[in-house]
Structure formats: C-alpha cells, structure tokens
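There are 2 protein chains.
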Amino acid sequence: MAIRIIIFEDNERLRNSLTYLLRSMPEYDVVGDYPNCREATSVTLALQPDVALMDIDMPGENGIKGVGMVKEARPETAVIMYTVFEDDEKLFQCLCAGANGYLLKKTPPDKLFEAIREVVDGGAPMSPSIARRVLNSFQQSKTENKYQLSTRELEVLQLLSKGFSAKVIAGELNISFETVRSHLKNIYPKLHVNCGKEAIAKALSERIV
Amino acid sequence: MAIRIIIFEDNERLRNSLTYLLRSMPEYDVVGDYPNCREATSVTLALQPDVALMDIDMPGENGIKGVGMVKEARPETAVIMYTVFEDDEKLFQCLCAGANGYLLKKTPPDKLFEAIREVVDGGAPMSPSIARRVLNSFQQSKTENKYQLSTRELEVLQLLSKGFSAKVIAGELNISFETVRSHLKNIYPKLHVNCGKEAIAKALSERIV
DNA sequence: ACAGTAATACCTCAATTGAGGGATTTGAAC
DNA sequence: GTTCAAATCCCTCAATTGAGGTATTACTGT
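First to last, the sequence lines map onto chains H and F.
If you count by the working numbering, then the first sequence holds residues -3 to 205, one letter each, in order.
If you count by the working numbering, then the second sequence holds residues -3 to 205, one letter each, in order.
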C-alpha cells in the first residue's frame, strides 16, 4: 500500500513540484498539501497520513508549532522537517517538539524519497550536517574552569548540587564544617551568585558538575 | 587520496574481513587494525587515520573508553562505532565520549562504506534505529504530575529552581512570603526531599520544571 | 448541604546559611 | 627566600529556612 503523505509548505511552486513528483510514483500518495499549519490538527486527524513533510518558515503558525500539532493529533504520523534552516536553535526546537527527521532543502529528490521510506521503517533521516550537529550536542562542552574553580571547590559544588547541606558535605569530604563554609563563600562570587540555591541552579543548568 | 582507516575489533575473522574488503577498494586504506584499545592513543598519533572503526565489547579497555582515547589524541579522526549493542546506556556513553557515527553490525558492507565516506564529509552516519533513539532522546518525557504538584506549587518550584528566595518568589507571584513558605512545605514531601536545595536538584535533574 | 482540595496567610522555634572577619599550613613559582 | 594560591579551620551576627502548628476563603464533586 502506498505511503500516505501530507505536505506543509508555503512556497506554492515547490509544494506543487513535490506533490507532482511523489504522485508520479506508485509507492507514494500525497493525500493533502497546505500552505500553512492552521488546520494541521484537523487535517492530520482527517487524513491519517503516514508521513508529514513540514517546512519551518510559513506565514501564521510556523513549522515548529506545526510539528507539535501533528504529533499531538496523531503520534504515529512521522514528521520530517524540510527546511533551509541549519541553526541549532530551530533544529533543537523541532526535535523537542517531536520531529522524526530533518532534511535541508538542498537534499536531492532521490534522497528525499529514501528518507520517506526510512522514516516509515522507524528510522530518523537527517541531512549529514544536521546529524553531525545532533551528535555534537551530546559532547558536553566541558566548561573547563570557565569560573576558575579549584579542585576542592568543584568537589564541594558537586556535592552541593546533590542537595547536600554544608554539614553533610563536610562528612563526605572528611573536612570540617567551617572549611566547607569557607569554600562555599569562595565559590559564590566565582559563579556570580549570592547563595547556595542559585549556585545549584547555575551548576546544574550549565552542566558545570 | 585514499581514506586512512584504523580498526579496533577483537573478533579476528571480522577484523580481517573488514580489512580485506576495504583494502580491495582504492578509495579506502586500512592503515592499522587492533584487537583492543590498549594502544589506541599512540597508534592514533602515529598513523594519523581519517576514520576509526570501533567495536564496543573488547577485552581490556572497551570501545567507549577507546572513543575518548582516539578523540583526545586526535580530534580530527572521525570515530564510527561498529557494534551489536543497541541499548541507550552504551549508545549515549559513546556519543558523550565523542563518537561521530554509530552503526549496528547488521549493517550491510555497502552501507558501511557509504558511512565512512559520509563521516569524512562531515556527516554522522547512524543505523536507522539508532538515529531514532537519538532523536527520541530530545522529546522531554513530560513527567506529567509524577509528583502530584498543583499548578501553584509548580510555579513556586519553577521560581525556586532559578535560585530565588522565598521573599523574591512571593514578589514574583504577588502573594505573601508566608504563603510561599506554606507551598514549599507542601512541595517537599511530594518530591520526597527535605529542603529547598534538594528540591532544586531534583527538579532540574528530572526536568520537572 | 457537605467533604475535599487548592490557595491564601500567620505564628513560633531551632537550625542552617550568608556576610564579615581572621588565621595556619603546604607546595609550587619566581 | 619570598610570594602566592589552595586548603584548612575558627568566630560572630543577621537573615533565611525547615518543622510544627492554625485558620480562612473559594471552588468542585457528591
């Protein structure tokens, strides 16, 4: 049975070309094509597509919103972003919204067709440069001494970030309670914070520990 | 010029097959092959490979350690994991260690060759099921009310997690200082913690906020 | 009408923390 | 040989917090 495809793309010529190309092959069936995401929820529910091709830059609701609408309406529909944007900001917003693939518009048609098959088979097609960005995001950029913390200060901060009190930290490190407080007093200005709670928030959200 | 490849794989038959296959094509050159990662640092420095094929399950230092050794010795060398393991644990350890690709051993040889070209061109080849896992990891599994927090309690926790004091939170929400303290006292048992610092640690590390 | 929950607000007391000091020892750098 | 940073320890005082309460209002579901 043909793969049911729905297209969200505001460029009419491109949208028509894609539709024409995909319809010319028995393997694919374009069941709907739209210049924006306003009706994304209802058409997804009505047409039950296997795959949605989604542009990002569209008038009204953009494609990032669109991913969420399609995914919420019908999680089984695989969403492939199809866009010119290559920046981390939009990329990760789409991924968090539930996109199953991310292709740049420079992708040649045969690769696009292959990606549609791949996403239906449970894959996650991505343009090479996108895949590289995604993998790079896992390498925690060790903020190596961005705040010039000493070895001991880092240890204290790590334990603090587990929610431990000064007394418990002292026990863990086998040093005195007052020493821990001294370290904390030295840590705060280095992190540009004023109290332990801010320090924890900063340490955890900036992956210092 | 041929792509310089180094192979870490403890299965001798597989290692020899790969070497033989790759050497049969002028495009590729296997400059070294090893049954473990003990010498990974020194051979990477000595042989200056473009690509390292890395198994995970090897005697001695395993492949996860191996990725780190190769990447630390020579960041330009692209490392492709080549393994049977499909579990999130090992996968994300490899990605954090700096792997540039992740192929399952069931990958057919022609896809493996394509992956080597792709990684040299700055891509990040992944088996489809791996790519899907990676993308899924971005969908923050909304821990929807795992701890049964009320709307207001969630708001208080969100502000607390920015490091705000009770007094500041009261100001932000336009409620009294004592009310904030009441909410906090109700939040702690729900999160199974005993103080604000533990609450922040839990909220941030479990993505509650 | 009544029970339950969420949200609001106040009180007290002991413990912890932040802020401000000062002080010693050790090992590396110049 | 002196200087410097890191690590250790102690003191005080005011502010914040945790823990234990109590109490009112408003809305929801029965």
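Backbone N, C-alpha and C fix where the C-beta goes; we use that ideal spot for every residue, glycine too.
Keep in mind the model is a prediction, meaning the values are calculated, not measured.
In the DSSP assignment, the residues bridged to Arg0 of chain F are F:Asp25.
The alpha-carbon of Glu149 of chain H is positioned some 10 Å away from that of Lys181 of chain H.
Chain-order list of chain F residues neighbouring Lys193 of chain H: Leu156, Gly159, Phe160, Ser161, Gly192, Lys193, Ile196, by C-beta distance under 8 Å. Sequence-ordered contacts of the segment 112 to 138 of chain F with chain H read Glu114, Asp117, Gly118, Gly119, Ala120, Met122, Pro124, Ser125, Ala127, Arg128, Val130, Leu131, Phe134, Gln135, Gln136 [C-beta pairs closer than 7 Å]. For Thr73 of chain H, there is no enclosing beta strand (DSSP E), as DSSP marks it with neither H nor E.
Ala120 of chain H carries a coil assignment under DSSP once its states are collapsed to helix, strand and coil. Listed by position along chain H, the residues whose Cβ is nearer than 9 Å to that of Val189 of chain F are Gly159.
Positions of the alpha helix (DSSP H) runs, each at least 4 residues long and wholly inside the segment 81 to 153 of chain F, are given as 84 to 93, 105 to 116, 124 to 132 in order along the chain. Secondary structure at Val189 of chain F: coil, using DSSP grouped into helix, strand and coil. The beta carbon of Ile196 of chain H lies closer than 7 Å to those of Leu156, Ser157 in the same chain, with the five residues before and after it left out.
Nearest to Arg129 of chain H by C-alpha distance, out of H:Gln44, H:Ala42, H:Phe81, H:Leu108, is H:Phe81. For Ala36 of chain H, no CB of chain F lies under 9 Å from its own CB, so it is not counted at the interface with that chain.
If you draw a straight line from the Cα of Gln44 of chain F to the Cα of Ala69 of chain F, it is about 10 Å long. For the segment 30 to 69 of chain H, the continuous alpha helix (DSSP H) assignments of 4+ residues that do not extend past its boundaries occur at 36 to 43, 59 to 69, in sequence order. Counting every other CB atom within 10 Å of its CB across the protein chains shown gives Thr147 of chain F a total below 16, marking it as exposed.
Between Asn190 of chain H and Ala162 of chain F, the alpha-carbon positions lie close to 14 Å from each other. Shown here for Val152 of chain F: same chain residues with a beta carbon closer than 8 Å to its own, the five before and five after excluded, namely Ile165, Leu169, Val176, His179, Leu180, Ile183 in chain order. Within 8 Å of the CB of Gly94 of chain H, the CB atoms of chain F belong to Gln135, in sequence order along the chain. Annotated as distal: Thr73 of chain H and Asp51 of chain H, with beta-carbon spacing of 9 Å or more. Phe88 of chain H reaches chain F at Phe134, counting residues in chain order whose Cβ is nearer than 8 Å. Ala42 of chain F sits exposed, since fewer than 16 C-beta atoms from the chains shown fall within 10 Å of its C-beta. Using a CB distance cut-off of 9 Å, Leu100 of chain H does not count as an interface residue toward chain F. Cβ-Cβ separation between Cys33 of chain F and Glu57 of chain F: approximately 4 Å, consistent with a contact (criterion under 8 Å). Per the C-alpha coordinates, the member of F:Glu23, F:Gly59, F:Lys86, F:Met21 positioned closest to Thr37 of chain F is F:Gly59.
Taking 9 Å as the threshold, the shortest C-beta distance from Leu91 of chain H to chain F falls below it. Between Leu131 of chain H and Asn96 of chain F the beta-carbon gap is near 6 Å, inside 8 Å, which marks them as a contact. Ranked by how close their Cα comes to the Cα of Glu35 of chain F, the residues F:Glu23, F:Leu18, F:Lys61, F:Tyr16 have F:Lys61 in first place. Within the same chain, Cβ atoms closer than 8 Å to the Cβ of Met122 of chain F are found at Gly97, Tyr98, Leu99, Val130, the five residues on either side in sequence being excluded.
At the C-beta level, Gly64 of chain F and Gly28 of chain F stay beyond 9 Å of one another.
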